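Engineer: Heads up: the sequence lines are chains A and B, in that order.
Residue 17 is where the first sequence starts when you use this note's numbering, and the numbers rise one by one after that.
Residue 278 is where the second sequence starts when you use this note's numbering, and the numbers rise one by one after that.
Heads up, the beta-carbon is just placed ideally off N, CA and C, and yes, glycines get one too.
Quick caveat, the model's predicted, so the values are computed rather than measured.
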Amino acid sequence: MNELFRIIKDKYVILTPLFLIIFIAQFEQYSQLTSSGTFGSALRLSIPILLAGLGGLFSERTGVVNIGLEGMMIMGTWFGAWGGYMYGPWGGVLFGLIGGGLFGLIHAIATVSFQVDHIVSGVAINILAVGAARFFNILAFDGIAFASSTASPRIEGEIGKFNFPYLSGGKIGENETTSLLGNIENADIFLVSDISALLLGFTSNISYFTILALLIVPLSVFVLWRTPIGLQMRSVGEYPSGSESLGVNVYLMKYIGVIISGCFAGLAGAYLVLEGPNVYLQGQTNGRGFIGLASLLFGNYRPFGVLMGAGLFGFADALQLRSEEAIQGLLVVVGVFLIMLTIRNISQRNIRGSIGTGLLGSLFLFWFMSSTQVPIQFIYFTPHLTTLVVLSFSKQKFRMPKKVGVPYKKGELN
Amino acid sequence: MKIRLRLVSFSAPIIALGLAVGLTSLILLGIGKDPIETFRMMFEYGSTGKSLVSVLNRTIPLYISAIAVAVGFKMGLFNIGVEGQYLLGALLAAAIGTSFAIYRPIHIFLIMLIAVVASSTWAAIAGYLKVYKGIHEVISTIMLNYIGTGLIAYLLSTVFFDEDEKNAIPQTVELPESGRLPSLNNVVGIEDLPNLHGFLPIALLLGLIYYLLIWKTTLGFDLRVTGANPVAAKFSGVDPKRLTIIAMIISGAFAGLVGMGPLLGYFHQYTIDFPPGLGFAGIGVALLGRNHPLGMLLGAMLFGFLERSAQILDLRGVPKEIETMMSAFILLIVVVFYEIIRRYIVTQQIKDASKKVESST
């Protein structure tokens, strides 16, 4: 029980808005905020962020900052589309992974073997990836119908989808079952319907790729914390020269970490293509690699933390696809939340903080009252703004790997 | 540093250029094109008078963008947000600059001032978030880029929309004659060529200002010390929080001027065609030029030249994106070689020093 209170106290930054959202969603025009459809797309949009975040986890645990995730993800989108076009959707998954991994290898060569500054190398990789994807696309799909310099042709076929029987109306053999959760959602009971909508969103129309991605989360925990190689990888991020003195191959571990990182980012890119429009499009990643990195910070360098962060940012991402009215409801959520923070700040005698949050909060509330719709251009950056806001309010004590971002040269005391 | 070592340190960009040409040639061979013919075409097209003017026009914003990035780099601060900063600054400058018409130098100065204030305010947000909220500037500036793009799209299609124009393209009202910078063609005697933007001397002046700021002022010294060794800087009395915010603001101020060359010299209004990507390209130029005012100038000219000369390729059956690949190769190889050479120089210096010690005892 105490544990529960501690979690509530730690995570009030997420829990309060969540509760507010559920409350707001009771009003008819904002009901989209907690519909099963929204949660379904939230899950779909969380996966690329999750995979990118897990990629970042493997790299940063071995001590290499990976700003190049975005670029590796871009490679994943193109290779995923190409593999999908040539060999079907699962071919796309495989090639997305390989494409991202290749760029992970480049990052590893630069940062591990040549000790280039990690951020410099990452930035260079992001620039290279944009050009390379465009170049490959022109080369590979030259003259094929519906392909252009910025888009690939359509991938035929789809990765299978899956509904849970009884819970969300999946089939057993040939027989239809009832959708228990769907019925509860339609009953419109406070909180109960919202939770069953959440469960329905997470249990209906789940692609096998999604399941694969979600399985990587416990798998990462297992590999990093329960296997000898995982211990070696983590030790390299904490204390490389110490690890080396104990016979750990520091360079090899860093290479493995960064290449896995690229592979996951590549998977994230392939997911965007295969579970999205089924074509490669230039600019498809839209900063999700960086949002993945933010979810890694938010999740405090732990796989399940990354999952939570990705879920949050995926939810923000999903809202932009739903309805503009729903986003309007979010304004009042943000406004009320900021006012609550103001009250807390005042009670803690934090004058400067309370002025800031108070002003912002009233601004949001005023905005809510004086308009009926959030401009469409604002909806486009909801996930990015959410990322900034969440990171700035969830002032946690980050426990990052000690030597993350520090280039290590064999034989140096580091 | 000894002259020999200095020469070695100049070799990195040359090696990188050579290797990038080699790699690009391999790719060209792989897709069945003749590399020598391709490079010859590029050089021939890129060195016509018309192209050279275009290269210089392109160099101006690239150079300023690189300076903006370099100010941050000097203290180990990564301002990836120059992109959003200069676009936002250019939009506000274009939109507000049309609302009055006064004596030309003052008008132009005010337009530049608006851009500088807007961009540095936008950059300061990232500084604030880093110092008080602990958000790494790479993440915050990237997110601010997306937010800025959204804001620009909104402002352009509502608040600053030019309603007199009955076309569907969102754009601001054109700047009055007094808010336009005349071209330099008459001054340098090239009347028969396309317009050479009048912002060129200002860009060179900014390079000088950057040099003086970083190497001749206390603030610049603090920036460099913090970049080289944050702990030592702190002990020498530098307030890292204050310095971070100041560096972001200065970086943003330079970023504000990135869009001024194209705006004052050619576009005279902010449209959706306003050249994007200069902020990201500037990062590459700063890396290539090692944050040095002359190095970055050469780097900006090189990238400007490559981009212009690649325009001919599509007409001759080679995808012009080969140029993007080549620029990226140059960048990736050059950062590796700078590191190799830095290490080589350090070991040489240690060797020289120990020799001196040995000979003196």
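Near Tyr271 of chain A, what residues of its chain come up, given a Cβ to Cβ distance below 7 Å and the 5 sequence neighbours on each side ignored?
Structural biologist: Here Tyr271 of chain A has Ala124 and Val128 as same chain residues with Cβ atoms under 7 Å from its own Cβ, once five neighbours each way along the sequence are excluded.
Engineer: Counting only beta-carbon atoms, is Thr548 of chain B nearer than 8 Å to chain A?
Structural biologist: Chain A, which has no Cβ nearer than 8 Å to the Cβ of Thr548 of chain B, makes this no.
Engineer: Express the C-alpha separation of Ala140 of chain A and Gly112 of chain A in angstroms, rounding to a whole number.
Structural biologist: 20 Å
Engineer: The alpha helix (DSSP H) that contains His569 of chain B, what's its start and end?
Structural biologist: Counting along the chain, His569 of chain B falls outside any alpha helix (DSSP H), and DSSP gives it neither H nor E.
Engineer: Where Leu564 of chain B and Val612 of chain B are concerned, what is the direct C-alpha to C-alpha distance, given to the nearest angstrom?
Structural biologist: 7 Å
Engineer: With DSSP as the reference, label Phe438 of chain B as helix, strand or coil.
Structural biologist: coil
Engineer: For the structure I just gave you, are there three or more beta carbon pairs, one from the segment 265-281 of chain A and one from the segment 74-87 of chain A, closer than 8 Å?
Structural biologist: Touching, yes.
Engineer: Grab the span of the alpha helix (DSSP H) containing Val502 of chain B for me, first residue to last.
Structural biologist: Thr495 to Ala505
Engineer: Check whether the Cβ atoms of Phe557 of chain B and Ile143 of chain A sit closer than 8 Å, and answer yes or no.
Structural biologist: yes
Engineer: Can you name, in chain order, every residue of its own chain whose Cβ lies under 8 Å from the Cβ of Arg415 of chain A, other than the five neighbours on each side?
Structural biologist: Asn316 and Tyr317
Engineer: Starting from the Cα of Thr525 of chain B, find the closest Cα among B:Thr418, B:Arg585, B:Ile308 and B:Arg567 and give me that residue.
Structural biologist: According to the sequence as given, residue 525 of chain B is Met; it is not Thr. The shortest Cα separation from Met525 of chain B among B:Thr418, B:Arg585, B:Ile308 and B:Arg567 belongs to B:Thr418.
Engineer: Report the residue from A:Thr373, A:Asn302 and A:Leu379 whose alpha carbon sits nearest the alpha carbon of Thr426 of chain B.
Structural biologist: A:Asn302
Engineer: For Thr194 of chain A and Arg60 of chain A, I'd like the C-alpha separation in whole angstroms.
Structural biologist: Using only the alpha carbons, I get a separation of about 24 Å.
Engineer: What residues of chain B sit near Thr301 of chain A, judged by a beta carbon separation below 9 Å?
Structural biologist: Those within 9 Å of Thr301 of chain A in chain B number zero; the least Cβ separation is about 12 Å.
Engineer: Taking 8 Å as the threshold (C-beta atoms), are Ile245 of chain A and Gly117 of chain A in contact?
Structural biologist: The answer is no: Cβ separation not under 8 Å.
Engineer: Shorter than 8 Å from the beta carbon of Phe306 of chain A to some beta carbon of chain B?
Structural biologist: yes
Engineer: Should Ala505 of chain B be labelled buried (16 or more other beta-carbon atoms within 10 Å of its own) or exposed?
Structural biologist: Looking at its Cβ environment, which holds fewer than 16 other Cβ atoms inside 10 Å, Ala505 of chain B is exposed.
Engineer: Using 8 Å as the threshold, is the segment 490-500 of chain B in touch with the segment 509-528 of chain B, meaning 3 or more CB pairs across them?
Structural biologist: yes
Engineer: Just curious, the alpha helix (DSSP H) that Val208 of chain A is in, first and last residue?
Structural biologist: Val208 to Thr219
Engineer: For His400 of chain A, go through chain B and note every residue whose CB falls closer than 9 Å to its CB, in chain order.
Structural biologist: Ile419, Met420, Leu421, Asn422, Tyr423, Ile424 and Gly427
Engineer: Quick one: which chain B residues come within Cβ less than 8 Å of Leu144 of chain A?
Structural biologist: Met602, Ala605, Phe606, Leu608 and Leu609
Engineer: For a test of the three-state rule: what should DSSP assign to Gln626 of chain B, helix, strand or coil?
Structural biologist: helix
Engineer: Buried or exposed, going by whether 16 or more other CB atoms sit within 10 Å of the CB of Lys597 of chain B?
Structural biologist: buried
Engineer: Could you spell out the range, first to last residue, of the alpha helix (DSSP H) harbouring Asn153 of chain A?
Structural biologist: His134 to Ala156
Engineer: Measure the C-alpha to C-alpha separation of Val387 of chain B and Ile560 of chain B and round it to an integer number of angstroms.
Structural biologist: At residue 387 of chain B the sequence reads Leu, which differs from the Val that was named. Approximately 27 Å, taken between the alpha carbons.
Engineer: Contact defined as beta carbons within less than 8 Å: I believe Glu643 of chain B pairs with Asn422 of chain B. What is the distance between those atoms, to the nearest angstrom?
Structural biologist: Because chain B spans 278 through 638 in this model, residue 643 of chain B falls outside it and cannot be assessed.
Engineer: Determine the DSSP secondary structure at Ala167 of chain A, reduced to helix, strand or coil.
Structural biologist: strand
Engineer: Given this structure, state the Cα-to-Cα distance separating Ser370 of chain A from Gly411 of chain B, to the nearest angstrom.
Structural biologist: Cα-Cα distance, rounded: 19 Å.
Engineer: Using a Cβ cut-off of 8 Å (strictly closer), state whether Leu309 of chain A contacts chain B.
Structural biologist: Interface criterion met: the Cβ of Leu309 of chain A is under 8 Å from a Cβ in chain B.
Engineer: Under 9 Å Cβ-Cβ, which residues of chain A neighbour Val436 of chain B?
Structural biologist: Here the premise fails: no neighbours, minimum Cβ distance about 11 Å.
Engineer: If the cut-off is 9 Å on Cβ atoms, which residues from the segment 554-577 of chain B count as contacting chain A, listed in chain order?
Structural biologist: Phe557, Ala558, Ile560, Gly561 and Leu564
Engineer: Quick check on this structure: which residue in A:Lys419, A:Thr50, A:Leu34 and A:Thr32 has the alpha carbon closest to the alpha carbon of Met249 of chain A?
Structural biologist: A:Lys419
Engineer: Decide if Gln626 of chain B is buried, meaning its Cβ has at least 16 other Cβ atoms within 10 Å, or exposed.
Structural biologist: exposed
Engineer: So does the segment 387-401 of chain B actually touch the segment 325-341 of chain B, counting three or more Cβ pairs closer than 8 Å?
Structural biologist: no
Engineer: Can you tell which of B:Gly353, B:Ala605 and B:Val535 has the C-alpha that lies nearest to the C-alpha of Val508 of chain B?
Structural biologist: B:Gly353
Engineer: Can you check which of these residues, A:Gly258, A:Arg150, A:Ile40 and A:Leu262, is closest to Ile602 of chain B by C-alpha distance?
Structural biologist: The residue you asked about is not Ile; residue 602 of chain B is Met in the sequence shown. Of A:Gly258, A:Arg150, A:Ile40 and A:Leu262, the residue nearest in Cα terms is A:Arg150.
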